[in-house]
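Residue numbers (the working numbering): 18 to 524.
No residue lacks a Cβ here, since even glycine has one placed at the ideal position from N, Cα and C.
Only one structure is covered here, and it is reproduced in the block below.
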Ligand SMILES: [Ca+2]
């Protein structure tokens, strides 16, 4: 678990720890008119562009400390926005976090606790995983559905991964769906994005045009630009969910050559992944320029984040965070988390308050002036964005009653809670707990559980109470448990080693 620390990353965190959030208490975006009404807002609701990157690591952007990846557009964007040091995905794998973004609810409450369709039970696993939801029910209200009565046109462009055809975006309040389906990764990043008989061919995208050599990240950006242009005269919500930077790792040749010639830094060594990241960065730059060229930038809230931690160690290194995608440690869930609300967020502001993907739903609705349609778990970040207050929340929670990452699994069932600087992880196989103080030990290297039994008891009680409150499902002992039951080939080798499974999985 040895990882490299990066001085820049530490400096960044030190600044955040000092609470350097900018001095202003927020910029009122709209002045009162002589008539007493608010100027501007009646004329036009703000647009939203929500950019979601698949398997994005916390340390993958230059503005979050990477020295190997080059992300100048994102660095500029962050410098003109507020970015959060302690922004989390609600789950360490894909579909649950996406469901949390769309609904504002914890994955545990939705029972969407694993990537869809998950890995299933095996005799080699000590616990049997509980029944869980493999689609986002139509009874749930997505951001798109909630914004619709306020006159919004909504689009999914890119990855969806919230169940089969009955649960595709058009059934969830979106007006447009381009390239969203039930796949967790593309068959190929190059046109036509998979053979016609390949289930992982990107749905419907090649059929809209393109030619040999076209790159998926670029072609999705073409679609996003066109959607923005077509909707420039009315409020829109664009959920722009890149398939990048998920496996299969495939990059444009010119960019790949550039990173192959570059010296790896701080454990980030994968030239293909770095090149994919640069394509994402270019995409963000194009979207921001499109908003500017159409005169929409000042009335468009732009969000940038990821759905789970970086794929470690195959694709990236999340240091100084421990581990990566799938894991209970910070590398599994902490994400780049950047919001630009023109006229409100102070350029360059850094916020160290822990926030989570469950918070986007209430935040976007409050910005749009749309009431919440029902109870959610997230809290509006508007007070933080205005630097006018802190959400009233004492803890964030995670729940993953699953195994993940091959045979034998790399990740075992766990729950976790973060309260202040303290983080407790409970592993369900033996209910053993680990306790970390993130302020002193961001890399979760010193387990304090034995030294601080009272803190363990306090956080464990909190975690258990939360599980009961949201109705979280728990695994049970596996009656067929056989630790020797790891599948073997005829030659006696393991059928799938953990690394290959991780590379192939859809989450
Ligand atoms: Ca993912």
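Own chain, CB closer than 6 Å to residue i, minus 5 neighbours either side, in chain order
i, result
"residue 258", "69, 175, 176"
"residue 415", "433"
"residue 263", "71, 72, 202"
"residue 67", "256, 320"
"residue 345", "431, 433, 442"
"residue 65", "254, 318, 381"
"residue 95", "80, 355"
"residue 332", "287, 290"
"residue 87", "295"
Own chain partners of residue i with C-beta closer than 8 Å, once the 5 adjacent residues on each side are dropped
i, result
"residue 526", "No answer is possible for residue 526: the residues shown for the chain start at 18 and end at 524."
"residue 497", "140"
Close Cβ partners of residue i (< 7 Å) along its chain, the five nearest in sequence each way excluded
i, result
"residue 190", "159, 161, 162, 165, 171"
"residue 180", "133, 151, 152, 153, 199"
"residue 380", "397, 398, 399"
"residue 429", "420, 444, 446"
"residue 223", "208, 209, 210"
"residue 435", "371, 412, 413"
"residue 144", "430, 445, 446, 492, 493, 494, 495"
"residue 135", "419"
"residue 402", "99, 356, 358, 361, 362"
"residue 438", "454, 455, 456"
Heavy atom of ligand 1 within 7 Å of residue i beta-carbon
i, result
"residue 263", "yes"
"residue 324", "yes"
"residue 117", "no"
"residue 111", "yes"
"residue 199", "no"
"residue 250", "no"
"residue 77", "no"
"residue 131", "no"
"residue 310", "no"
"residue 134", "no"
"residue 72", "yes"
"residue 576", "Outside the shown range of the chain, which is 18 to 524, sits residue 576, and nothing can be said about it."
Exposure of residue i, with buried meaning 16 or more beta-carbon neighbours within 10 Å
i, result
"residue 50", "At residue 50, the pLDDT of 37 sits below 50, so the modelled position is not reliable; the number obtained from the coordinates is stated separately. So residue 50 ends up on the exposed side."
"residue 201", "buried"
"residue 283", "buried"
"residue 352", "buried"
"residue 225", "exposed"
"residue 324", "buried"
"residue 526", "Nothing can be reported for residue 526: it is not among the residues displayed for the chain, which extend from 18 to 524."
"residue 234", "buried"
"residue 348", "buried"
"residue 114", "buried"
"residue 182", "exposed"
"residue 156", "exposed"
"residue 407", "exposed"
"residue 220", "buried"
"residue 299", "buried"
"residue 168", "exposed"
Which of helix, strand or coil DSSP assigns to residue i
i, result
"residue 419", "coil"
"residue 313", "coil"
"residue 349", "helix"
"residue 383", "helix"
"residue 206", "coil"
"residue 321", "strand"
"residue 375", "helix"
"residue 69", "strand"
"residue 38", "Here residue 38 scores only 37 on pLDDT, less than 50, and its place in the model is too uncertain to base an answer on."
"residue 160", "helix"
"residue 187", "helix"
"residue 285", "strand"
"residue 170", "strand"
"residue 524", "coil"
"residue 302", "helix"
"residue 244", "helix"
Cα-Cα separation between residue i and residue j, rounded to whole angstroms
i, j, result
"residue 240", "residue 319", "17 Å"
"residue 488", "residue 117", "16 Å"
"residue 418", "residue 464", "22 Å"
"residue 293", "residue 267", "7 Å"
"residue 440", "residue 453", "5 Å"
"residue 236", "residue 260", "11 Å"
"residue 205", "residue 173", "20 Å"
"residue 109", "residue 251", "36 Å"
"residue 230", "residue 296", "14 Å"
"residue 303", "residue 470", "52 Å"
Test: residue i CB closer than 8 Å to a CB of chain D
i, result
"residue 436", "Reference to chain D is not applicable here, since this structure consists of a single protein chain."
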